[in-house]
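K.L.:
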Amino acid sequence: MRLTQLLEHLEYEVVQGNEEIEVTELINDSRKASEGSVFVCISGAVSDGHIYAKEVVEKGAKALITEKDVEVPSEAAVIRVKDTRYALALMSAAYFGYPADKLKIIGITGTKGKTTTTYMVKSILEGVGHKVGLIGTIEAVIGDKSIPANNTTPESYTIHQYFSEMVEAGCDSVVMEVSSQGLMLHRTAGIPFEIGIFTNLGEDHIGPNEHKDFEDYKRCKGILFTQCKLGIANLDDPWYRDIFQNASCQVETFGMSEEADLRATDIKHITRPGYLGVCYHVNGLMDFDVEIDIPGDFSVYNSLTAIAVCRHFNVPAENIQKALKVAKVRGRIEMVKVSDEFTMMIDYAHNAMSLESLLHTLRDYHPERIVTIFGCGGDRSRTRRFEMGEVSGRMSDFTIITSDNPRFEEPQAIIDDIITGMKKTDGEYIAVCDRKEAIRYAIEHGRPGDVIVLAGKGHETYQEIKGVKYDMDDRNLIKEVLEEL
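Going by my numbering, the residue at position 26 of the sequence shown is 130; the numbering climbs one at a time, nothing skipped.
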């Protein structure tokens, strides 16, 4: 493949050598450098690819894509671009033969609801014969293959590699979570989204390694609606107009508001022993009843989003109804049977907004008590800890504060921060640092009619301590406790 083919959609300057050379492989990891490869120097948060320039040429790389000056032997071509992350995205698309052009791509952005909605859309579309790939927080799904995810939105090279494999596997469409980080770091640059979806916005992902402020967070979310044909938006979200202020797509709305194009009316909460659900009527652009085995108003919003998307694939109402009735997502209000007297669930709620939304939802079902078990991740914004402590103190009847992913911080220091937030309320709490022991405490002290929420880790199957990921799954911890009891 000629280097010019990879550069065809980029503005660039040839600093050294010749761009008309043949290259074998596109890489952005210096460890993968090989004879004839082209290396894209990414300036990352942890390390800067430019410092490996000489090393990759010594390993046989023929060309370097840079945004800074580098000194390398004269046999290597040096191509200068304004932004190497953006260059990597467009070069990756070219390298894999533009697989995105052969797929209908649905991108979902928002603070919460992305994961559940992607699985709902996949379930509905597959019910009418589409073959749907998925890229998200939990996994990438390509045909029968599931690849565990490291990031909600992978690096651009990986995205186009997945698209290429999806085309080969016979997929005609893809539903993917598009994070604000992914948009900010150009991981999705150049992807021709058929449909872009905005679910909602809350103050999350703001901190030293994420977004500098809320304005930047909003701006990054809005990028999706400059590169899709159709934007579908939650009209009820207060930030909807901000997100769409620079949109260049056609726009449709959903919500509970009378002004929404697709709306939910006559919402009813369903409760029976060991079961919480919701039903409602779809009005506006479609007209039918829906029942979902996942409780709460956010389940209404998530399912409405999926309906709004699938309408554009001409899916009949009865197929949508059937698919939504059985849609389940690991770690998202996942009921776990522990007792005939009280209910236990696992949920990924790991920030104040998602925890408040979940607890508010459960309050609508009038439990005897809400008992919340949660911790916070280390090396993330401390504000999140204070806020989550305050939310749980205010909205739970009892809180068990425990460890999540401490990373390089001391678990007790994180717990102390959560307690600082908790003390702003009258909420009762206990701190049990060991997560399994926290679960044991909750089960041993469970009362009839309680709803116990095990929050924060959801689908995750590990605990990260001092740079090492140890096997740990909330489901297994519950099972071990039940066996020991």
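Every residue gets a Cβ at the ideal spot worked out from N, C-alpha and C, and that includes glycine.
Predicted model only: the values in this text are computed from it and were never measured.
What are the boundary residues of the beta strand (DSSP E) that residue 567 is part of?
P.N.:
As a working mapping, residue 567 is identified with position 463 in the sequence shown. Run containing residue 567: 566-569, per the beta strand (DSSP E) assignment.
K.L.:
Taking the straight line between their C-alpha atoms, what separation do you get for residue 560 and residue 480?
P.N.:
Working through the sequence shown from its first residue, we reach residue 560 at position 456. Working through the sequence shown from its first residue, we reach residue 480 at position 376. Their backbone Cα atoms lie some 7 Å apart in a straight line.
K.L.:
With respect to the alpha helix (DSSP H) encompassing residue 518, which residues constitute its N-terminal and C-terminal limits?
P.N.:
Counted from its first residue, the sequence shown places residue 518 at position 414. Looking at the DSSP string, the run of the alpha helix (DSSP H) that includes residue 518 is 515-526.
K.L.:
Where does residue 356 land, buried or exposed, given buried means 16+ other C-beta within 10 angstroms?
P.N.:
Here residue 356 is taken as the residue at index 252 of the sequence shown, counted from 1. With 16 or more Cβ atoms within 10 Å of its Cβ, residue 356 is classed as buried.
K.L.:
Please determine, among 162, 105, 152, 239, the residue with the shortest C-alpha to C-alpha distance to residue 173.
P.N.:
Position 69 of the sequence shown, counting from 1, holds the residue named residue 173. The option with the nearest alpha carbon to residue 173 is 152.
K.L.:
Under the assumption that residue 75 contacts residue 212 (Cβ atoms under 8 Å), give the Cβ distance between them as a whole number of angstroms.
P.N.:
Only positions 105 to 589 of the chain appear in this structure, which leaves residue 75 out of reach.
K.L.:
Could you check what DSSP says for residue 264 in three-state terms: helix, strand or coil?
P.N.:
For this step, residue 264 is matched to residue 160 along the sequence shown. Note: residue 264 maps to helix in three-state DSSP.
K.L.:
Whose CA, out of 246, 275, 277, 432, lies closest to the CA of residue 262?
P.N.:
As a position in the sequence shown, residue 262 is number 158, starting the count at 1. That would be 246, whose Cα lies nearest to the Cα of residue 262.
K.L.:
Looking at the secondary structure, which residues open and close the alpha helix (DSSP H) in which residue 612 lies?
P.N.:
An answer regarding residue 612 cannot be provided, because it is not within the stretch 105 to 589 covered by the chain.
K.L.:
Alpha carbons only, please: which of 467, 156, 340, 449 is nearest the one belonging to residue 400?
P.N.:
Taking the sequence shown and counting its residues from 1, the one referred to as residue 400 is at position 296. The shortest C-alpha separation from residue 400 is found at 467.
K.L.:
Can you find the residues in the same chain that come closer than 7 Å, C-beta to C-beta, to residue 568, ignoring five residues on each side of it along the sequence?
P.N.:
Within the sequence shown, the letter at position 464 stands for residue 568. Around residue 568: 509, 511.
K.L.:
To the nearest angstrom, how far is the alpha carbon of residue 391 from that of residue 381?
P.N.:
Walking along the sequence shown from the start, residue 391 turns up at place 287. Walking along the sequence shown from the start, residue 381 turns up at place 277. Distance between the alpha carbons of residue 391 and residue 381: 20 Å.
K.L.:
Are the beta-carbon atoms of residue 477 and residue 504 separated by less than 7 Å?
P.N.:
Residue 477 sits at position 373 when you count from the first residue of the sequence shown. Residue 504 sits at position 400 when you count from the first residue of the sequence shown. The answer is yes: Cβ separation under 7 Å.
K.L.:
Quick one: is residue 438 buried, meaning 16 or more other Cβ sit within 10 Å of its Cβ, or exposed?
P.N.:
The count along the sequence shown starts at 1 and reaches residue 438 at position 334. It is buried - the Cβ of residue 438 has at least 16 other Cβ atoms within 10 Å.
K.L.:
Could you check the C-alpha separation between residue 330 and residue 351 for me, to the nearest Å?
P.N.:
For the purposes of this step, residue 330 is taken as residue 226 along the sequence shown, with counting starting at 1. For the purposes of this step, residue 351 is taken as residue 247 along the sequence shown, with counting starting at 1. Looking at the two C-alpha atoms, the distance is approximately 5 Å.
K.L.:
On the DSSP bridge list, what partners appear for residue 367?
P.N.:
Taking the first residue of the sequence shown as 1, we reach residue 367 at position 263. Answer is 359, 387.
K.L.:
Mapping DSSP to helix, strand and coil, what is residue 178?
P.N.:
By 1-based counting over the sequence shown, the position of residue 178 is 74. Coil at residue 178, not helix or strand.
K.L.:
Alpha carbon to alpha carbon, how far is residue 253 from residue 464?
P.N.:
Your numbering for residue 253 matches position 149 in the sequence shown. Your numbering for residue 464 matches position 360 in the sequence shown. When rounded, the distance between both Cα atoms is 29 Å.
K.L.:
Name the residue from 288, 354, 160, 292 whose alpha carbon lies nearest to the alpha carbon of residue 324.
P.N.:
For the purposes of this step, residue 324 is taken as the residue at position 220 of the sequence shown. Out of 288, 354, 160, 292, 288 has the C-alpha closest to the C-alpha of residue 324.
K.L.:
Buried or exposed: which applies to residue 430, given that a residue is buried once 16 or more other Cβ atoms fall within 10 Å of its Cβ?
P.N.:
As a working mapping, residue 430 is identified with position 326 in the sequence shown. Exposed.
K.L.:
Evaluate the contact criterion for the segment 164-172 versus the segment 132-140: three or more CB pairs, one atom per stretch, below 8 Å.
P.N.:
In short, these stretches touch, since the Cβ pair count reaches three.
K.L.:
Can you list the beta strand (DSSP E) stretches of 3 or more residues lying completely in the segment 159-213, in chain order?
P.N.:
Runs of the beta strand (DSSP E) inside the segment 159-213: 167-170, 181-184, 208-213.
K.L.:
Quick one: give me the first and last residue of the alpha helix (DSSP H) that residue 430 is part of.
P.N.:
For the purposes of this step, residue 430 is taken as residue 326 along the sequence shown, with counting starting at 1. Counting along the chain, the alpha helix (DSSP H) containing residue 430 begins and ends at 421-430.
K.L.:
Determine the extent of the alpha helix (DSSP H) in which residue 109 is found, giving its start and end residues.
P.N.:
Position 5 of the sequence shown, counting from 1, holds the residue named residue 109. Element bounds for residue 109: 107-110.
K.L.:
Check whether chain B comes within 7 Å of residue 172, counting only Cβ atoms and requiring the distance to be less than that.
P.N.:
Absent here is chain B; the protein component of the structure consists of one chain.
K.L.:
Look up residue 449 in the DSSP assignment and give the residues it is bridged to.
P.N.:
The count along the sequence shown starts at 1 and reaches residue 449 at position 345. DSSP lists 439, 557 as partners of residue 449.
K.L.:
So for residue 504, helix, strand or coil by DSSP?
P.N.:
Numbered from its first residue, the sequence shown carries residue 504 at position 400. Strand.
K.L.:
Anyone know if the C-beta pair for residue 368 and residue 384 falls short of 7 Å?
P.N.:
As a first step, residue 368 is located in the sequence shown; it is residue number 264 there, counting from the start. As a first step, residue 384 is located in the sequence shown; it is residue number 280 there, counting from the start. Against a cut-off of 7 Å, the Cβ pair of residue 384 and residue 368 comes out as a contact.
K.L.:
Between which two residues does the beta strand (DSSP E) carrying residue 414 extend?
P.N.:
Walking along the sequence shown from the start, residue 414 turns up at place 310. That residue, residue 414, is in no beta strand (DSSP E); its alpha helix (DSSP H) goes 401-415.
K.L.:
Can you tell me whether residue 376 is buried or exposed, with buried defined as 16 or more other CB within 10 angstroms of its CB?
P.N.:
Along the sequence shown, one-based indexing puts residue 376 at 272. Result: exposed.
K.L.:
DSSP has residue 338 in a bridge; who is on the other side?
P.N.:
In the sequence shown, the residue the question calls residue 338 occupies position 234. Looking at the DSSP assignment, residue 338 forms a beta bridge with 358.
K.L.:
Taking 8 Å as the cut-off, does the segment 535-553 touch the segment 420-434 (at least 3 CB pairs, one atom from each stretch)?
P.N.:
No, because fewer than three Cβ pairs between the segment 420-434 and the segment 535-553 fall closer than 8 Å, the two stretches do not touch.
K.L.:
Does the structure place the segment 267-280 close enough to the segment 176-193 that three or more beta carbon pairs sit under 8 Å?
P.N.:
Flag = no, the segment 176-193 and the segment 267-280 do not touch.
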